Amino acid sequence: MSLNLEEVSLHAHLSDPKPVTSPESKPVGDETVVDGTNPLSLEEMSELEESNYHWKLKRYHEAAHAVVAHLLGFRPMYIDNDVTQLDRRVLKFVHTANFVFRTREARVRAGEYAVMYIAGPAAEAKIRGESLVDLRAESNIIIDEGCVGDYWRVNQLLVRVMCHSALEFSNEVRDHQLLLWEAKAIAILNNDSVWAAVESVADELELQLGTLGRDELLAAIERGLSSR
1 MSLNLEEVSL
11 HAHLSDPKPV
21 TSPESKPVGD
31 ETVVDGTNPL
41 SLEEMSELEE
51 SNYHWKLKRY
61 HEAAHAVVAH
71 LLGFRPMYID
81 NDVTQLDRRV
91 LKFVHTANFV
101 FRTREARVRA
111 GEYAVMYIAG
121 PAAEAKIRGE
131 SLVDLRAESN
141 IIIDEGCVGD
151 YWRVNQLLVR
161 VMCHSALEFS
171 NEVRDHQLLL
181 WEAKAIAILN
191 NDSVWAAVES
201 VADELELQLG
211 TLGRDELLAA
221 IERGLSSR
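Read in our numbering, the sequence shown has 16 at position 16, and its numbers run on one by one without any break.
Here it is as structure tokens:
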């Protein structure tokens with residue numbers, strides 16, 4: 001897909017997060033939150049039920065990207081099916097000529113960018129009643145030319161963040177950083193007002209058949225945030 005010079009797109013592989021119930025008792029990232037539903041397994045669903053279920057996952061996945069992007073200042077522009085478009089002007093730090101994020105400010109912002117990517121799979125894990133850890137591999141993929149999964153992006157950001165220091169370039173530091181980003185995404189989505197905003201956007205996507213312009217998107221986000 002060609003990109004507007006003022007925007008950058010997030011190509012998502014189906015994903016959604018669940019709230020964490022007791023983070024102190026389990027490893028971060030291995031938490032699932034029960035939201036009152038007990039979904040059937042795919043084997044138990046009819047073809048129509050399975051189609052509707054995947055449509056729900058896609059809507060919540062993109063809604064979570066958009067809501068968290070908005071909260072972290074990444075200016076979501078619109079959603080078009082499985083693409084959430086961001087204003088490219090706020091992502092200049094990502095396109096630096098230097099591959100490495102050398103300043104602390106750039107590394108912090110890169111972490112927030114990663115949290116926004118993780119929010120999609122995190123929302124899906126919430127809906128599916130599964131651990132976010134189990135969804136990592138599903139979106140650590142190259143879908144097609146120019147389109148990659150969320151965790152593929154996250155892993156690229158991890159490398160760029162870690163490269164600033166040879167002393168920190170290790171699997172242990174990498175794993176810790178990933179768990180921290182996942183914990184932040186889960187914590188944000190576990191906030192009642194934030195999840196209400198995700199639900200609001202997902203509902204609006206259903207009404208509008210998967211496409212929301214910036215005005216409609218921001219209105220749906222604000223309705224959710226102000227409802228709790």
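For glycine and all other residues, C-beta sits at the position ideal for the given N, C-alpha and C. Note that the structure is predicted; figures quoted are calculated from it, not measured.
- Rounded to whole angstroms, the Cβ separation of arginine 223 and serine 200 is 5 Å, and the two are in contact under 8 Å.
- Residues Arg136, Ser139 and Asn140 of the same chain have their beta carbon placed closer than 6 Å to that of tyrosine 151, with the five preceding and five following residues left out of the count.
- With respect to the C-alpha of leucine 72, the residue from Ser46, Glu112 and Thr103 having the closest C-alpha is Glu112.
- Listed in chain order, the non-local C-beta contacts of alanine 185 below 6 Å within the same chain comprise Val115, Ile118, Ala119 and Ala122, local neighbours out to five positions each way being set aside.
- The alpha-carbon of glutamate 44 is positioned some 22 Å away from that of tyrosine 60.
- Fewer than three Cβ pairs drawn from the region 193 to 210 and the region 171 to 178 lie within less than 8 Å of each other, which leaves the two stretches out of contact.
- Here glutamine 177 carries a helix assignment [DSSP, helix/strand/coil].
- Note on geometry: alpha-carbon atoms of leucine 207 and alanine 219 lie some 14 Å from one another.
- For isoleucine 118, the uninterrupted alpha helix (DSSP H) segment begins and ends at 104 to 128.
- When beta bridges are read from the DSSP output, leucine 71 appears opposite no residue.
- Across the structure, alanine 166 and phenylalanine 99 are spaced so that their CA atoms are roughly 15 Å apart.
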